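Here is the structure we will look at, set down as structure tokens.
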Amino acid sequence: MTKNTLRKSLETIAERIKSPGVALQDDTRVDFVLESFRDWPRRWLMVFDNYDAPKSFPNLQDFIPMGEHGSISVTTRHADVVSLAERDNAIELHGLPEKEALPSSSANAW
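Numbers in this note's numbering are just positions in the sequence shown, counted from 1, shifted up by 4.
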């Protein structure tokens, strides 16, 4: 995941959750999603998959929506990203077989 791919994914989410007939400017779509999920009345899950270049994209926190009904999952190969997790919520997987460690070709993205 790069900052650019994340922005594009959030822009796609914006188009799916906005009310029909509402036009959003390109520069407001990400903020619209973050604000919408902050106030979302039902439980939601957002997955940030393959956050494997934290040095080139150090501000992932800026794209994590806050909200009392939400959960966030970040997958990465970098142990130093553990600082994004709340206390005792980081899960480290050791020694996955290669077949289980690689992404599935049938995975769907927004």
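For each residue, glycine too, the CB sits at the ideal point set by N, CA and C.
Note that the structure is a prediction, hence the values are computed from the model and not measured.
Query, Result
"Just to confirm my understanding: we take Pro58, look at its own chain, exclude 5 residues before and 5 after, and list those with CB closer than 8 Å. What are they?", "Leu64, Thr80, His82, Asp84, Val85"
"Touching or not, the stretch 6-19 and the stretch 36-49, by the rule of three or more beta carbon pairs under 8 Å?", "yes"
"Measuring alpha carbon to alpha carbon, tell me which of Ala89, Gly71, Ser23, Gly25 ends up nearest Arg46.", "Gly71"
"Can you find the residues in the same chain that come closer than 6 Å, C-beta to C-beta, to Pro69, ignoring five residues on each side of it along the sequence?", "Leu38, Phe41, Arg42"
"I need the straight-line Cα distance from Asp56 to Asp30, nearest angstrom please.", "26 Å"
"Quickly, what does DSSP pair Ile68 with across the bridge? List them, please.", "Its beta-bridge partners do not exist; DSSP assigns none."
"Can you have a look at Ser23 and say buried or exposed, based on whether 16 or more other CB atoms are within 10 angstroms of its CB?", "exposed"
"For a test of the three-state rule: what should DSSP assign to Phe115, helix, strand or coil?", "This structure leaves residue 115 out entirely; the chain is present only between 5 and 114."
"Does Ile21 get closer than 7 Å to chain C when you measure Cβ to Cβ?", "The displayed structure is made up of one protein chain only, and chain C is not part of it."
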